[in-house]
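Letter by letter, the sequence shown follows residues 15 to 281 in my numbering.
Every residue, glycine too, gets a C-beta built ideally from N, C-alpha and C.
To keep things clear, I will list the structure first and then write my remarks on it.
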Amino acid sequence: MKRQVRVLDDAPALARALAQTIRDELTEAVRTRGQAFVALAGGNTPRDAYALLANDSRLRAPIPWTRMHFFWSDERSVGPDDPESNYKMAMDTLLAKMPVNNMRVYRMEGEDPDIEVAAKRYEAKMRGAFSMTNRTVPRFDLVLLGVGEDGHTASLFPGTTALDETSRWCVANYVEAINRSRLTLTLPVINHANCVVICAQGEKKADIVRRIMTENTEPKLPVQRVEPKRGHLIWLLDQAAASRIEVQQLDLFRDEGGSSSGLAASA
Ligand code: 6PG
């Protein structure tokens, strides 16, 4: 695994770096494989990057939108019109404005009262899109993730059963901390991706970023278990999120990940 860490000056620079990374990874995937499979992150951090992709022609134009397959990394237990919906956020900021093939936009049906069935249905959608019949794990070209202040990523929260899933690709995960179940991609799928991008923005994430990058206690934080074995992991931080970690600690984190070289500290 190659691991890169980029610290951008501020939130707008982080959004632009994320949008550029999405454009570059997806255009490269289509160039080499004819199509691209991406799992979109939810939450707020990626919102501005999605909007940039929709509104900046230098970012939007190179992407062969009709060759894209859009999935989500996770979804809350809400419907597609709910303000909390990760699907709604990505549709409103990006996908509804792009010439995507709607048959290649795969929504997680978080509102299903039987969320276990919804998880199985989503795995079937993945199987169809990846044209997979056997049990080999689908390989996303790009998985986008955020990180919570407790170290969760997607809907893989500390101490939840989904963290121990070794074969299924999508599961329903009961999260006691919020007393809700959510749908989430599992670590086998995330760690089989060609590229995983994890974003953290703002002062509120500074402490968890410090813990992620300097502590190796067991059990690992969920986001520390994101290690794409045959892929590359890119951390995108703004200065505020990186404000409690020393430069040499950042370099050590990069080196431990086997990165070819730490990228410049700014975009
Ligand atoms: C979600 C996300 C979740 C998110 C983190 C960070 O459904 O909320 O999948 O994993 O990425 O909680 O959220 P923010 O980007 O809003 O800080």
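Legend entry - Complete runs of the beta strand (DSSP E) confined to the segment 73-141 [at least 3 residues]: For the segment 73-141, the full-length beta strand (DSSP E) segments reaching 3 residues or more read 82-86 along the chain.
Inset, instruction - Would you check whether ligand 2 has a heavy atom nearer than 8 Å to the C-beta of Lys234? - result: Although ligand 2 was asked about, the structure shown includes only ligand 1 as ligands.
Inset, instruction - Keeping to the same chain, check which residues put their C-beta closer than 6 Å to that of Ala207; ignore five residues upstream and five downstream. - result: The residue given as residue 207 occupies position 193 in the sequence shown. These residues qualify, in order along the chain: Phe154, Val157, Pro242 and Gly245.
Legend entry - Under 9 Å between C-beta atoms of Tyr64 and Met103: What you label residue 64 is simply residue 50 of the sequence shown in a count that begins at 1. What you label residue 103 is simply residue 89 of the sequence shown in a count that begins at 1. At the C-beta level, Tyr64 and Met103 come within 9 Å of one another.
Inset, instruction - Could you tell me whether any non-hydrogen atom of ligand 1 is closer than 8 Å to the CB of Glu130? - result: Translated into the one-based positions of the sequence shown, residue 130 becomes position 116. False, no ligand heavy atom lies under 8 Å from that Cβ.
Inset, instruction - Note down, in chain order, each residue of its chain lying with its Cβ closer than 8 Å to the Cβ of Pro113, except the 5 sequence neighbours on either side. - result: Your numbering for residue 113 matches position 99 in the sequence shown. So the qualifying residues of the chain are Trp79 and Thr80.
Inset, instruction - Return yes when the C-beta of Val157 is under 8 Å from any heavy atom of ligand 1, and no when it is not. - result: Position 143 of the sequence shown, counting from 1, holds the residue named residue 157. Because no heavy atom of ligand 1 lies under 8 Å away, the Cβ of Val157 does not count as near it: no.
Inset, instruction - Select from Thr59, Arg90, Ala55 and Leu40 the residue whose C-alpha is nearest the C-alpha of Leu28. - result: In the sequence shown, counting from the first residue as 1, residue 28 sits at position 14. Answer by Cα proximity: Thr59.
Inset, instruction - Look at the alpha carbon of Arg258 and the alpha carbon of Glu190, and state the distance between them as a whole number of angstroms. - result: Here residue 258 corresponds to residue number 244 of the sequence shown, with the count starting at 1. Here residue 190 corresponds to residue number 176 of the sequence shown, with the count starting at 1. Each residue's Cα considered, the two are about 29 Å apart.
Legend entry - Distance cut-off 8 Å: Gly93 Cβ against heavy atoms of ligand 1: Sequence index remark: in the sequence shown, residue 93 carries index 79 (1-based). Not one heavy atom of ligand 1 sits closer than 8 Å to the Cβ of Gly93.
Inset, instruction - Keeping to the same chain, check which residues put their C-beta closer than 6 Å to that of Glu98; ignore five residues upstream and five downstream. - result: Looking up residue 98 in the sequence shown gives position 84. Arg90 and Val92.
Legend entry - Closer than 8 Å: Pro60 CB and nearest ligand 1 heavy atom: Here residue 60 is taken as the residue at index 46 of the sequence shown, counted from 1. Answer for Pro60: yes, Cβ within range of ligand 1.
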